[in-house]
Amino acid sequence: MKFQPFKRGVFVLTALFFHLAARAQEETTDQEIRGVVYQLSNQADLPLPGASVSVVGESTGTVTDLDGKFILKVKGDDIQQKTLLISHVGMNTHTESIGNQSQLTIYLEPIITQLDQIVITSSYGTSKPKEEVVGSITTLSSKELAPEQPVATFDELLEGAAAGILVEVNPVLGGATAIDIRGQGSLTPLSTNSAGSSTQPLIIVDGVILSEEISLEGNNFFDRGFNSLSEDLLNPLAKIGIDNIESFSILKDAAAVGLYGADAANGVIIITTKSGIGRDFSLNASMQTGITTSFNRFKYLNGEQYQSVLNALYTNSGETNNVREWDGVDTNWFDLLNRNGSFWRYNVSGFGAIKNWRIRAGIGYQKTNEAQRENTFEKLNSLLSVDYSKDKFDLRFRIAPSLVVKNAPNTLYAYALPPTISLYDDKGSYTYIATYGNPVAVSRQNTAKTNTTALLSSLKLDYELTEEWNVSALVGLDLSFKDQDRFFSGLNGTGNFRDGTQGRRLIRDRDTQKWNWNSTITFNPTLSEAHHVDAIAGVELRGERVDFSFARGDGFDNFATIQPVSLAEEQDYETDYSTSTARSFFSQGNYNYKSKYFFLVNFRIDQSSVFGGDNNTAYNGGVGASWNVSREDFLKNSALIDFLRLRTSYGRTGNSRIGAYTAVGLFNVSNGPLGYQSEDQYATIDRDFAPNDNLGWEVNKKFNIGVDVDFLNQFSFIMDFFRDQIEDQIVARDVIAESGYNTARINGANMYNQGFEWSLIAHWVSKGAFSWRSSFNLTRIRNKVTSLTGLESDFSPSYLARSQIIGHSTSALWGFRFAGIDPATGRELFLVNGEVHDAEKLNDQFNNTDWEPIGDTQPDFYGGFNNTITFKGLTLNVIMSYSYGGDVLINRSFIDGYNDLAFRNTSLNIYYDAWQAQGDQAALPILVQGNPITHNSSKYVYDNSHIKLKSVSLSYRFPVEKLNLPVKTLDIGLNGSNLHYWFREKSPNGRNGVAELRNPYPEMRSFTLSINTTF
């Protein structure tokens, strides 16, 4: 009985416990959390079914439905402090705090690993997991290149983006960009004594081999080479809209490019456009607008400084009668001809799928008003993509019409006019300036318009014969029709001629029709778990025809407005055409053993009409092997190494892009009015260069060895060493006068490119809503000429400072070593063979055989750096490029062009740095007429080492579900492009340095605002 109180106490406490628990259960609230999970995509983000959504630390969870939606009941009185964990196979896991949210929008990023990334290995439909790729191939998505940069053509985005790629951006909007893959693949002309082949990579878009615009062979009206009268060549990539690009594959070594044989010496770039995705149709619309401003502006003399310098020039030259007081005129031609530019880009696209069809259709418009007044660039791009797949049959169709319009009245260098010339004369009219014209009048009275209408299209059909055999066929078209119309008004100096005629009109048409067709058969048998084999074989046909026409009219009764050429006093009409055909047979086989050891062999036979005699056939191919070391037992369970592969390859390729008639020879027809040049000078036909039936293909023997390693689950590192031995390069050599020709093209030079490249990708952080990814690449290349048939050396004109000398680089700058200014006389001094010589005697005593290397335009190394940071909906992307050790040769006219000073303005430096009196320690020589000219002086060579802040982008993706917006996605973004340069060689205070001197027109930076939404 003594335990009775205890029992009663236990009963009471137990009853109280259950009572409180029941009350707590009654007071606990259940909150319903709704949301949608999307997979991040380069286009519209896709709803992600089957994603797991759970509460961290609890068993509560659910799975998203077919539309990516979920409903989750979360219990507890601390729901706001709880966190959801969202995961899906193949996706990065994501955590999201609930907070006050009841509607969530969540984005999962796909996990792209070294092993499962699919790499496009050719335009013939072949692709492989990255683990199985033997060749050296760099793949870039358009998203990685920050396509929001306001560029005219997307090849500009490649600058600093990948190892081994050197991009020289053309300052002329829509002009061809120079792309070197692992160095220059062929010798470029030094003078009329040299001839070269294309140095650009083969570019293929959706299976279409792009035509490369080059000047018509021979010395004719399409290649005059002097500014306003030459043809305006268009970058072929201007025909493709930036928003239509899905990815780039850059093929570098023999294992990668061997399938392309005699067209692959300079590498291959394969571009894939976007296709329809998703189950339902979506509509995407975007708009981008911004401004462009100049920086690193060249510092010219103002009116007072210019008159002072000009007077000193006249005084020192004994022409005191020309000395004038400054009259107060100070015309800033740059400000008159420039202002802030503007940029617009609009795109609308629809995409989706219906049963077996995937469709995407889009149209984009872009316009750039350059900072130069009256200079504009416009393009209208469209793309229709249709993909069909059913059972064993696949169809892929692409058609991309485009229109590019350029206006450029050729005022690029006009702001270098003397500042003492007034814009208007005493009568209020534009001041008349002979030859070049008053630039403001030129910009308003002249026209220079180029219209290019183009069409890219391809159709590819695939059929699966059996599980092992597949056949396909593709036809591609590249059509373009370019009209260039230039009018020089008789109201200004550009349209007034010595014979008294006024007004000129030049019309050039270039119509290009290029096609390619190929048919392939692939074999992919199932042998065993250990042995895997696949192969492809095919035939390809190609053809190109380019039609040219030219019309010129000089002298019009109404010379102030555009008139038909038929009304001109003097008329000239010319036509020409170029045509070539080629056929090829190619094959490639792959074998791997247990996914450890991979082997590749490819072979191609090319035949082309551009070569004559018995040399119209070339045999090229390559072999490659790789070893997946990380699959070996001794490395399988490594905590450090995630993936390790060794690669090597060797093979030969060629270069057939040498012009259609290099082997058969050409005649040169002199230009002039119909039938005669003047009363006693008729038009003539001269032999240009001799035919050569023995002219053969250029050969590029490529060797590569590389290593790929992923480690610590965060880092990916790739390094390659390469050597390209380039033989039988096509050059020009003089022939005896009795032959009736000046030169002949022969296979007469060898050289090599050698170097290494490496790239590193680092995933520093990927935790919850925060991630940070960086990429860095570096390339070093060296080049050397090893033989020159018939010569020991070949030299350019001195203003180019180039040469081709056995044992030296083709990128070296050659000339005389500047030794300073003589304090006693103010004349330039040069060091030649260890002795100092006065500039006045330099050209009399020495010639180009006495030149020495004074610089090298090839950088010691170059590359790029990319940082991407994301936090929830915010993304910050910073892209930089750099170049170290390369030099640049500055045009002497911008530094001390004294002989032209009466006709043009020049650098502010001469006002402070020109020699004036005995004993001066000056940087520039005495101001005097007839100053000896040494174009290729080391004084004009500047260090071009720099770091460039290429692009900074900040974007935000709105949580549309949370905000209950009637769209699927909504993004806004800010971008700054070409923002700043840091040069190793600093500009002197208040003077011009390499930053200002290296470009005749200043750098331009852009700031844009964009909005992008998907419905």
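Once you know that position 743 of the sequence shown is 2114 in this note's numbering, the rest is easy, because the numbers rise by one and skip nothing.
C-beta: ideal position from N, C-alpha, C; glycine also.
Under a Cβ-count criterion, where at least 16 other Cβ atoms within 10 Å of its own Cβ denotes burial, should residue i be classed as buried or exposed?
i, result
"Q1485", "Residue confidence for Q1485 is low, a pLDDT of 46 falling below 50, so the modelled location carries little weight; the figure read from the coordinates is stated next. It counts as buried."
"V2207", "exposed"
"Q2289", "exposed"
"V1427", "exposed"
"A2010", "exposed"
"D1594", "Bear in mind that the predicted position of D1594 carries a pLDDT of just 37, short of 50, making it unreliable; the figure below should be weighed with that in mind. D1594 comes out exposed."
"Y1948", "exposed"
"V1576", "buried"
"P2359", "exposed"
"W2281", "One point to set straight first is that residue 2281 is Ile, not Trp, in the sequence displayed. I2281 comes out buried."
"Y1801", "buried"
"T1883", "buried"
"G2022", "buried"
Could you compute how far the alpha carbon of residue i sits from the alpha carbon of residue j?
i, j, result
"I2382", "S1646", "22 Å"
"L1456", "S1494", "41 Å"
"G1960", "V1504", "12 Å"
"W2222", "N2307", "9 Å"
"P1790", "N2276", "7 Å"
"Q2096", "R2198", "45 Å"
"S1513", "P1481", "16 Å"
"T1664", "F1714", "11 Å"
"A1392", "K2243", "Interpretation of A1392 is limited by its pLDDT of 44, a score under 50 that renders its predicted location unreliable; the figure taken from the coordinates is listed afterwards. Rounded to the nearest angstrom, the two C-alpha atoms are 39 Å apart."
"D2314", "R2153", "18 Å"
"F1318", "P2330", "It is not possible to answer for residue 1318, since the shown part of the chain is limited to 1372 through 2386."
"A1386", "S1425", "With a pLDDT of 49 at A1386, under the threshold of 50, the modelled position of that residue is not reliable, and the figure given next carries that caveat. Whole-angstrom Cα-Cα distance: 35 Å."
"N1889", "I1725", "29 Å"
"L2380", "Q2292", "51 Å"
"G2205", "Q2216", "15 Å"
"T2160", "S1557", "15 Å"
"A2115", "I2101", "10 Å"
"L2325", "N2248", "6 Å"
"L2162", "E1835", "57 Å"
"N2063", "V2035", "6 Å"
List the residues that DSSP assigns as beta-bridge partners of residue i.
i, result
"S1851", "A1825, T1883"
"A1534", "The partner list for A1534 (beta bridge, DSSP) is empty, contrary to what the question assumes."
"T1476", "V1407"
"L1455", "V1426, E1467"
"F1441", "G1406"
"V1842", "Y1834, I1892"
"R2151", "F2127"
"T1747", "N1740, N1778"
"Q1816", "Answer by DSSP bridge pairing: none, since Q1816 is not bridged."
Taking a contact to mean a Cβ-Cβ separation below 8 Å, would you say residue i touches residue j in this structure?
i, j, result
"A2031", "S1951", "yes"
"Q2175", "L1561", "yes"
"A2429", "L1537", "Beyond the ends of the chain as shown, which are 1372 and 2386, falls residue 2429; an answer cannot be given."
"N1752", "S1657", "no"
"G1926", "T1865", "no"
"K1750", "A1609", "yes"
"N2349", "S2316", "no"
"R2263", "Y2311", "yes"
"A1422", "V1408", "yes"
"A1819", "N1778", "yes"
"L2184", "D2258", "yes"
"N1841", "T1893", "yes"
"L1850", "S1829", "no"
"R1876", "K1831", "no"
"Q1855", "E1602", "yes"
Does the beta carbon of residue i fall short of 7 Å from some heavy atom of the ligand NAP?
i, result
"D1882", "Inclusion of the ligand NAP in the displayed structure is not the case, the ligand content being empty and no account of it being possible."
Runs of beta strand (DSSP E) wholly within the segment 1684-1721 (minimum 3 residues, chain order): none
Segments assigned beta strand (DSSP E), at least 3 residues, entirely inside the segment 1608-1682: 1616-1622, 1639-1644, 1653-1666
Beta strand (DSSP E) segments (min. 3 residues) lying fully within the segment 2116-2144: none
Inside the segment 1894-1980 only - beta strand (DSSP E) runs reaching at least 3 residues: 1902-1925, 1941-1964, 1968-1979
Length-filtered (3 minimum) beta strand (DSSP E) runs lying within the segment 2174-2255: 2174-2176, 2183-2186, 2188-2192, 2199-2203, 2206-2209, 2223-2227, 2232-2242, 2245-2255
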